[in-house]
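What follows is a set of notes on a single structure, which appears directly below.
There are 2 protein chains.
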Amino acid sequence: MTSGNLYNHLERLSEILRTDLRKSGIEHGLQPVQLEVLHYLSVCNRYSDTPLAVTEYLGQTKGTVSQTIKVLEQKRLLQKRNDTEDKRVSHLSLTPRGSKLLDQLVPPPMLTKASDKLPERTRKQINQALQQLVMALLQSNGMKSFGVCHTCRYNLHSKDGGYFCNLVKQALTEDDVERLCREHETVG
Amino acid sequence: MTSGNLYNHLERLSEILRTDLRKSGIEHGLQPVQLEVLHYLSVCNRYSDTPLAVTEYLGQTKGTVSQTIKVLEQKRLLQKRNDTEDKRVSHLSLTPRGSKLLDQLVPPPMLTKASDKLPERTRKQINQALQQLVMALLQSNGMKSFGVCHTCRYNLHSKDGGYFCNLVKQALTEDDVERLCREHETVG
DNA sequence: GATTTTTAGTATCGAGTCGATACATTTATC
DNA sequence: GATAAATGTATCGACTCGATACTAAAAATC
C-alpha cells in the first residue's frame, strides 16, 4: 500500500519530467536519453566518463549507449578521446557547444520554477527524501551507487587537507571529490 | 543549485525505475508506456477513463496515446466501450487479464523491496515529500492535478455521509472518491 | 434550424529508442 | 602462448512518439 502510493507519485513525476524534457529537447534536436547522457558527463569524475560508466549509470545495454554516444559525437556535443593506458577504453567529455546547450535545458525550467515556489525548508526536506530513496533503491538491488567521494569508503583525507582515493591510488582535487564516481562504495 | 540537486536525484530515480519497468515488462511483451496506461486506468475514476484523460495524464499527444491503447486492446489487456450519451467518447477498462498482469508488475518489486527496508517514519516523509513536489510542479505549470475527490473543490459532503460532485452533479460512491479525476481542482 | 467551430478519437509516416546478436580489439589469467 | 574476460562497435527489428491529416459527433453561433 505504502509502496503503491510511493509508486503513484514517482511515476507521475517521472512522466511529467520526461515529457517536458522531450518537448524542450526536441527544439534542439535532442532526445531525453541524449540529454541524460550529456547531464551525466557534466557531473561525473575523470574515472567515470567512459561509455561503460554511462551504461551502468543509465542501466541500458552497452550497444544502446554506444549508439547514443555516436549520435552525440556527430552533433559535436561531446568528444571521445582514447585512454592513454588502456587502448580499449575511451573518455568522453562535453564540447563547449554541448556544455552550453545543457545549461539551457538542465535542470528543466519547469522544475526550477516549481522548486522556487517552495519554502527553503520544504525544498531541503524533499531533496533529502529523494536522496534517501535513491540510496535505498540502489542498495537493496545491489546497484552501483555513483556517489561522490565524500561518502565513499575509498576516500582518505590526508593531513594537509587534500584527498586521496585508496582504490585508484591517486590524489584527488577539490573538483574531483564533488563528482560522481562509478567506483563509489558507500561507507559502512 | 538546489533545483539542480533535486534534478539529479529525480533523473536518477526516473531512469532506474524506467529501466526496471522495461526489463520486467518486456518479459510480458509490454513497454513502459503501456504499463503506465494500464496503471492509470486502475486508479482513475469513471469520468476519467477516456483516451483524452490518458493523454492529459501522460502529457503526450492524442495520436500517440491512441496507438498505445490500440495495441493494449489487441493484447486483450483493456477494453473499449462507447459512452451512452456522447458518441464521440469511449471508456477504457482493464480486462481481468490486464488487471492480473498489472498486479504482477506494479508497483515494481524493486521499489517495494527498497521501500520495505526503510523505517515507517522515513517512508511517510518520502511519500509526503514526493506528493508536495508533484503538486508544486503541476500548479506552477498550470497542469491538471488529477487528484482524488477528497482534495477537490467540487466535492460536497452530504448530510448522510455520502459524497456529491458539484461539477458532474452526481452522487459519488466510496470507491469513486478514492480515484483520480481529470476534472480535479485543488481547493483554495 | 442551418452553418461553423470545437471536441474526441483514428490513420499514417518518419525519425529515433532500445535490446539482441554478432563481432573486433585489447587486456587479464592460467 | 592459449584462453578468457573486458571494452566498445555494427546491424537488425520491434516499438515509441510527434506531426499531419482525417472522420464523426457535439456545441456554439448566427
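Line by line, the protein sequences are chains U and Y.
FYI, the numbering for the first sequence is 953 to 1140, going by the working numbering.
FYI, the numbering for the second sequence is 953 to 1140, going by the working numbering.
No residue lacks a Cβ here, since even glycine has one placed at the ideal position from N, Cα and C.
From a predicted model like this one, the values you see are computed outputs, not experimental measurements.
- Non-local C-beta neighbours of residue 1128 (chain U) in its own chain, meaning closer than 6 Å and more than five positions away in sequence, comprise 997, ordered along the chain.
- With contacts defined by Cβ atoms closer than 8 Å, residue 1067 (chain Y) and residue 1073 (chain Y) do not form a contacting pair.
- The criterion of a C-beta distance shorter than 8 Å is satisfied by residue 1054 (chain U) and residue 1046 (chain U).
- Scanning its chain for C-beta atoms nearer than 6 Å, with the 5 sequence neighbours on each side dropped, one finds around residue 970 (chain Y) the residues 984, in chain order.
- One alpha carbon belongs to residue 987 (chain Y), the other to residue 1003 (chain Y), and they sit about 15 Å apart.
- Contact annotation, residue 999 (chain Y) with residue 1120 (chain Y): C-beta distance approximately 6 Å; criterion of less than 8 Å satisfied.
- At a cut-off of 4 residues, the continuous stretches assigned as alpha helix (DSSP H) that sit fully inside the segment 1057-1110 of chain Y are 1061-1069, 1072-1092.
- In the three-state reduction of the DSSP assignment, residue 976 (chain Y) falls in the helix class.
- For residue 1106 (chain U), not one C-beta of chain Y is nearer than 8 Å to its own C-beta.
- Residue range 1042-1046 is occupied by the beta strand (DSSP E) that includes residue 1043 (chain Y).
- Residue 1090 (chain Y) is positioned such that its CB atom lies closer than 8 Å to that of residue 1097 (chain Y).
- Closer than 8 Å at the C-beta level to chain Y, one finds these residues of the segment 953-972 of chain U: 954, 955, 956, 957, 958, 959, 960, 961, 962, 963, 964, 965, 966, 967, 968, 969, 970, 971, 972.
- For residue 1032 (chain Y), the enclosing beta strand (DSSP E) covers residues 1030-1034.
- Taking the Cβ atoms as the reference, residue 961 (chain Y) lies roughly 4 Å from residue 1082 (chain U), within the contact range of under 8 Å.
- Residue 1135 (chain Y) and residue 1117 (chain Y) have their alpha carbons spaced roughly 10 Å apart.
- In the structure shown, residue 1019 (chain Y) falls within a helical segment according to DSSP collapsed to helix, strand and coil.
- The DSSP-derived three-state label of residue 999 (chain U) is coil.
- Taking the beta carbon of residue 988 (chain Y) as reference, the chain U residues within 7 Å of it are 963, 967, listed in sequence order.
- Residue nearest to residue 1108 (chain U) within the set U:1086, U:1139, U:1041, U:1078 is U:1139 (criterion: CA-CA distance).
- In this chain, the beta strand (DSSP E) harbouring residue 1117 (chain Y) covers 1115-1117.
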